[in-house]
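Input: a single structure, listed below in structure tokens.
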Amino acid sequence: MNTVLTLIFAIFTVVFGSAPDYGIVPRPARLTPGTGTFRLSADVTIRVSDPGDDELHWLAQYTSGMVRDALGVELRLSDRRAPEGEENAIVLLLETGDAPAGDESYRLAVSARGVVITARTEAGLFYGIQTLRQLLPSSSATRESAWSLAAVEIEDSPRFVYRGMHLDVGRHFFPVSFVKKYIDLLAMYKMNTFHWHLTEDQGWRIEIKQYPRLTEVGAFRRETILEKNFNPYIGDSKPYGGFYTQDEIREVVAYAERRYINVIPEIEMPGHSTAALAAYPELACTEGPFEVSTVWGVTEDIYCPKEETFAFLENVLTEVMELFPSPYIHIGGDEAPKARWEESPIAQEVIRREGLADEQGLQSYFIRRIESFLLAHDRRLIGWDEILEGGLAPQATVMSWRGTAGGIEAARQGHDVIMTPTSHVYFDYYQGEREFEPLAIGGYTPLEKVYDFEPVPDVLTADEAKHVLGAQGNVWTEYMKTTQYVEYMVFPRMLALAEVVWSPKAARDWDRFVSNLPQQLARLDDYRVNYRIPHVTGLERDRITLSGAITVSLATLLSDAAIHYTTDGSDPTERSPRYEVPLRLSVDDDGVTVSARAYLANGRSSTPRSARFARAPLTPAEDLDRAGLSPGLAVAYYEAEFSSVNQLVGPARVREGVATAIGLELAGRDDNFGLAFSGYIEVPESAVYTFFLRSDDGSELSIGDRVLIDHDGYHGATEKSAAIALAAGLHRLSLRYFQAGGAKSLDLTAQKEGDAGRVAISGWLFHRP
7 MNTVLTLIFA
17 IFTVVFGSAP
27 DYGIVPRPAR
37 LTPGTGTFRL
47 SADVTIRVSD
57 PGDDELHWLA
67 QYTSGMVRDA
77 LGVELRLSDR
87 RAPEGEENAI
97 VLLLETGDAP
107 AGDESYRLAV
117 SARGVVITAR
127 TEAGLFYGIQ
137 TLRQLLPSSS
147 ATRESAWSLA
157 AVEIEDSPRF
167 VYRGMHLDVG
177 RHFFPVSFVK
187 KYIDLLAMYK
197 MNTFHWHLTE
207 DQGWRIEIKQ
217 YPRLTEVGAF
227 RRETILEKNF
237 NPYIGDSKPY
247 GGFYTQDEIR
257 EVVAYAERRY
267 INVIPEIEMP
277 GHSTAALAAY
287 PELACTEGPF
297 EVSTVWGVTE
307 DIYCPKEETF
317 AFLENVLTEV
327 MELFPSPYIH
337 IGGDEAPKAR
347 WEESPIAQEV
357 IRREGLADEQ
367 GLQSYFIRRI
377 ESFLLAHDRR
387 LIGWDEILEG
397 GLAPQATVMS
407 WRGTAGGIEA
417 ARQGHDVIMT
427 PTSHVYFDYY
437 QGEREFEPLA
447 IGGYTPLEKV
457 YDFEPVPDVL
467 TADEAKHVLG
477 AQGNVWTEYM
487 KTTQYVEYMV
497 FPRMLALAEV
507 VWSPKAARDW
517 DRFVSNLPQQ
527 LARLDDYRVN
537 YRIPHVTGLE
547 RDRITLSGAI
557 TVSLATLLSD
567 AAIHYTTDGS
577 DPTERSPRYE
587 VPLRLSVDDD
597 GVTVSARAYL
607 ANGRSSTPRS
617 ARFARAPLTP
627 AEDLDRAGLS
637 PGLAVAYYEA
647 EFSSVNQLVG
657 PARVREGVAT
667 AIGLELAGRD
677 DNFGLAFSGY
687 IEVPESAVYT
697 FFLRSDDGSE
707 LSIGDRVLID
717 HDGYHGATEK
727 SAAIALAAGL
737 HRLSLRYFQA
747 GGAKSLDLTA
757 QKEGDAGRVA
767 ISGWLFHRP
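Under my numbering, think of the first position of the sequence shown as 7, with each following residue one higher.
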């Protein structure tokens, strides 16, 4: 079946309730199929409700270009005012009477007579045009000079007023051409906010006329850390940098405005300011010298809360506000260590003078002063959820990234909130097992987890929930050196987020979303987007069995993809065997390695996936007297700055206790601590058990003398698993964990081979008193 027939088939078979949804992403609020079709060809005209309106004229030109790209035909713009129901035309009607309520709402009607898009605002018309785009063919369809649009009526409006995507250009710099492409892709999926992260420790990217050294010095670093070689440090020996001139900033802002996208600039303060301090060291609490950072992470040198600093920041923000008409200005406010303020006579004098409780209160004072300045210029402040610490500025909007707790707290205080938690919408996190993926910062956020995100926590009341403006996907670029890698990390995850923030909650349907992915990826092909092809599932982890045979089932999210596999450990190609039915493998102690890739018709493939399948002998139980043991595990608690579980030794040990379950109940503080559990696990019957260890940050699980799961190092809340064949009875268990900063979590569960689900193991744990 060719792609055209596949698309037409999808139009009539994908069901929303009892009606097809025509494969549109994000899914419309209401869709009613009609009868018949409209033939879109070169003799069709584009008409608008007021030909003299410049904005409507631009929308008509934009629509014509869209049809030209899809069909290769140029539609003529009529200079006659368009009445509703104009035949053989695409009509753009701007009116208040019959248009659906809402500034971004629209109605799109396709009939045998033509296409009519009606809205109260130009933004609503623009979103209707984006929906029309998805009714047109992608370039992979058979090229024709005409296209039949199936009759339909759509009445649509967004669930949230804030639908955002972020891009960090401080760590790695991207040209204006790519920023425009990024904005086009946001617009195509009805996102309305571009959060442009312009300043960082590793580079200052915006020209400020009053302070030329910000770009002369602050925009360039002498080199960049090579991959993750922090200790010992290894750099790449390549000078790196770049910045946007004010003319380029204006160009991007104007481009975004035409696509109804608000550009929010972020100027970081008081932390993440090393590049600025390298240019103007007098703004620090110490003498320096400073250099633009060559490594990632958090630095202790931050702006000093002196009057010269506030004058500098106000002058910078004045130029920023002249460039960005956005009602919001983002000031960061995150990850600002207080060590320099604790040691600074200047900072301590401000604390005394203002009657502040401590350095947290000083950060609140800092943010409040900046907010007062912005409010005086009719702008509102947005900051990361750390701005809650020490007291929230009166009218600040909180961007909740360390989970949703900060957003919940802010909403309960009556502040507006944008949800952007690391758990679901950090697109710098891995999309699959890290051994098969390009280098990333850590974490694990697959496509389905993004789609499962719910921005409004259940714990909020109806009135509190009104403060949740929407959600945003974040793209931090420490390890994204190229525009292609940014695209790989963003797409198709952004499509899932677009549906989360636009579509009604009740209309979201994972299976339907997945069924529409092939045609959406084909559309991204038109824009030469280096999207990620979902990997083959069924090879997430190695498996062992007590028998000599095992069944391996493979799958892919894409209905039009072919799976090719090997069983000799080699990387599959299109010439490798094609997967058709589950593989029945005979295995011995050496095992069999299965590798697989998903291939599209255009030859592009997913990253490979591999897993080893083997027979394993039972690990014998310990010869112990069960009566001499007590429930729970012995636990040692440590306090220090750790980067590995191997550092949980010596004087950092603070106390000992007993834990009835694997968790953080015995932790004494939020950051920089460790836990070491030891004892025995009593498995109920002889079998293969898979253990799942989830932590933020590092952890390690050992059973007997074997390290079963090594999940050490800095990372977000992610899970690793491994299997072991255990004889019924007691086995020595050791689990070590450290928490460095930010969010924290620790959990261990198990699953017996053949069982459908996991079980908690709290009742299996014992120790010797």
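Glycine included, C-beta positions come from ideal geometry on N, C-alpha and C.
Expressed to the nearest angstrom, what Euclidean distance is found between the alpha-carbon atoms of residue 270 and residue 97?
Mapped onto the sequence shown, residue 270 falls at position 264. Mapped onto the sequence shown, residue 97 falls at position 91. When rounded, the distance between both Cα atoms is 33 Å.
Nearest to residue 249 by CA position, among 672, 227, 260, is which residue?
Indexing the sequence shown from 1 puts residue 249 at position 243. Out of 672, 227, 260, 227 has the C-alpha closest to the C-alpha of residue 249.
Taking the straight line between their C-alpha atoms, what separation do you get for residue 470 and residue 217?
For the purposes of this step, residue 470 is identified with residue 464 of the sequence shown, where counting begins at 1. For the purposes of this step, residue 217 is identified with residue 211 of the sequence shown, where counting begins at 1. Cα-Cα distance, rounded: 42 Å.
Give me, in chain order, the residues of the same chain whose beta-carbon lies closer than 7 Å to that of residue 766; leave out the 5 immediate sequence neighbours on both sides.
Along the sequence shown, read from residue 1 onward, the residue named residue 766 stands at position 760. If we look at residue 766 and ignore the five residues flanking it on each side, its Cβ neighbours are 755.
By Cβ distance, which residues of its chain are closer than 8 Å to residue 551, with the 5 residues on each side in sequence left out?
Sequence index remark: in the sequence shown, residue 551 carries index 545 (1-based). Counting only Cβ-Cβ distances below 8 Å, and skipping sequence neighbours, we find 593, 619, 620, 621, 622, 694, 759.
Mind the definition here: the region 179-189 touches the region 322-335 only if three or more C-beta pairs lie below 8 Å; say whether that holds.
no
Same chain, Cβ closer than 8 Å to residue 229, neighbours up to 5 away in sequence not counted:
Against the sequence shown, residue 229 aligns to sequence position 223. Closer than 8 Å at Cβ, skipping near neighbours: 241, 242, 243, 244, 245, 246, 300.
When DSSP labels each residue in this structure, what does residue 421 get in the three-state scheme?
Here residue 421 refers to the residue found at position 415 when the sequence shown is read from its first residue. Residue 421 falls in the coil class under three-state DSSP.
Own chain, CB closer than 6 Å to residue 769, minus 5 neighbours either side, in chain order
One-based indexing of the sequence shown puts residue 769 at position 763. Hits under 6 Å: none found.
Residue 723 to residue 264, Cα distance in whole Å?
Locating residue 723 in the sequence shown gives position 717, where the first residue counts as 1. Locating residue 264 in the sequence shown gives position 258, where the first residue counts as 1. So the alpha carbons of these two residues sit roughly 39 Å apart.
Could you round the C-beta distance between residue 727 and residue 698 to whole angstroms and report it? I think they count as a contact, below 8 Å.
Here residue 727 refers to the residue found at position 721 of the sequence shown. Here residue 698 refers to the residue found at position 692 of the sequence shown. Going by Cβ atoms, the distance from residue 727 to residue 698 rounds to 5 Å, so yes, they are a contact pair.
For residue 65 versus residue 132, is the C-beta distance shorter than 8 Å?
In the sequence shown, the residue the question calls residue 65 occupies position 59. In the sequence shown, the residue the question calls residue 132 occupies position 126. Against a cut-off of 8 Å, the Cβ pair of residue 132 and residue 65 comes out as a contact.
For residue 562 and residue 601, believed in contact at Cβ under 8 Å, the rounded distance
Working through the sequence shown from its first residue, we reach residue 601 at position 595. Working through the sequence shown from its first residue, we reach residue 562 at position 556. Actually they do not touch by this definition, with Cβ atoms about 14 Å apart.
If we ignore side chains and look at the alpha-carbon of each, how far apart do residue 539 and residue 715 end up?
Residue 539 sits at position 533 when you count from the first residue of the sequence shown. Residue 715 sits at position 709 when you count from the first residue of the sequence shown. Going from the Cα of residue 539 to the Cα of residue 715 covers about 28 Å.
Which residue wins for smallest C-alpha separation from residue 215, given the options 202, 234, 201, 253?
Working through the sequence shown from its first residue, we reach residue 215 at position 209. Among 202, 234, 201, 253, the Cα nearest to that of residue 215 is on 253.
Compare the C-alpha of residue 414 against each of 389, 373, 474 and name the closest.
Taking the sequence shown and counting its residues from 1, one reaches residue 414 at position 408. Cα-wise, what sits closest to residue 414 is 474.
Under three-state DSSP, which class holds residue 482?
For the purposes of this step, residue 482 is identified with residue 476 of the sequence shown, where counting begins at 1. Coil at residue 482, not helix or strand.
Going by other Cβ atoms of all chains shown within 10 Å of its Cβ, with 16 needed for buried, is residue 283 buried or exposed?
Taking the first residue of the sequence shown as position 1, residue 283 is located at position 277. Buried, since its Cβ has 16 or more Cβ neighbours within 10 Å.
Compare the beta carbon distance of residue 499 and residue 456 with 8 Å and say whether it is the shorter of the two.
The residue you call residue 499 lines up with position 493 of the sequence shown. The residue you call residue 456 lines up with position 450 of the sequence shown. In contact: residue 499 and residue 456 (Cβ atoms closer than 8 Å).
Do the region 327-346 and the region 368-388 touch if we need at least three Cβ pairs shorter than 8 Å?
yes
Among 276, 692, 423, which one has its Cα closest to the Cα of residue 167?
Looking up residue 167 in the sequence shown gives position 161. Here the closest residue by C-alpha is 423.
Residue 799 classed as buried or exposed, judged by whether at least 16 other C-beta atoms fall within 10 angstroms
Any answer about residue 799 is impossible in this case: the structure gives the chain only from 7 up to 775.
For residue 103, is the classification buried or exposed, using 16 other Cβ atoms within 10 angstroms of its Cβ as the cut-off for buried?
Within the sequence shown, residue 103 is the residue found at index 97, counting from 1. It is exposed - the Cβ of residue 103 has fewer than 16 other Cβ atoms within 10 Å.
What would DSSP say about residue 455, mapped onto helix, strand or coil?
Counting from 1 along the sequence shown, the entry for residue 455 is found at position 449. DSSP places residue 455 in helix when its eight states are reduced to three.
For residue 627, which residues in the same chain have their Cβ closer than 7 Å to its Cβ, ignoring the five residues on either side in sequence?
For the purposes of this step, residue 627 is identified with residue 621 of the sequence shown, where counting begins at 1. Excluding positions up to five away in sequence, the list reads 733, 734, 735, 736, 737.
Out of 749, 394, 176, 396, point me to the one whose CA is closest to residue 201's CA.
Position 195 of the sequence shown, counted from the first residue, corresponds to residue 201. Nearest C-alpha to residue 201: 176.
Distance CB(residue 197)-CB(residue 169) smaller than 8 Å
Indexing the sequence shown from 1 puts residue 197 at position 191. Indexing the sequence shown from 1 puts residue 169 at position 163. Going by C-beta atoms, residue 197 is nearer than 8 Å to residue 169.
Nearest candidate by alpha-carbon position, reference residue 664, set 123, 775, 526:
Looking up residue 664 in the sequence shown gives position 658. Answer by Cα proximity: 775.
Backbone CA spacing between residue 401 and residue 421 [nearest angstrom]:
Along the sequence shown, read from residue 1 onward, the residue named residue 401 stands at position 395. Along the sequence shown, read from residue 1 onward, the residue named residue 421 stands at position 415. So the two alpha carbons sit approximately 7 Å from each other.
Do you know offhand how far residue 285's Cα is from residue 410's?
Along the sequence shown, read from residue 1 onward, the residue named residue 285 stands at position 279. Along the sequence shown, read from residue 1 onward, the residue named residue 410 stands at position 404. For residue 285 and residue 410, the distance between alpha carbons rounds to 36 Å.
Residue range of the unbroken beta strand (DSSP E) whose run includes residue 772:
Counting from 1 along the sequence shown, the entry for residue 772 is found at position 766. Its beta strand (DSSP E) spans residues 771-773.
Own chain partners of residue 79 with C-beta closer than 7 Å, once the 5 adjacent residues on each side are dropped
Against the sequence shown, residue 79 aligns to sequence position 73. Answer for residue 79: 47, 48, 73, 151, listed in chain order.
Beta-carbon proximity of residue 678 to residue 647, cut-off 8 Å
As a first step, residue 678 must be located in the sequence shown, where it is residue number 672. As a first step, residue 647 must be located in the sequence shown, where it is residue number 641. Yes, they are a contact pair.
With residue 784 as the anchor, note down where its beta strand (DSSP E) starts and where it stops.
Outside the modelled stretch of the chain, which goes from 7 to 775, sits residue 784, for which no answer is possible.
Under three-state DSSP, which class holds residue 208?
For this step, residue 208 is matched to residue 202 along the sequence shown. Coil, per DSSP.
Compute the beta-carbon to beta-carbon distance between residue 163 and residue 268, rounded to the nearest angstrom, for a pair I have assumed lies under 8 Å.
What you label residue 163 is simply residue 157 of the sequence shown in a count that begins at 1. What you label residue 268 is simply residue 262 of the sequence shown in a count that begins at 1. Residue 163 to residue 268, Cβ: 18 Å. No contact.
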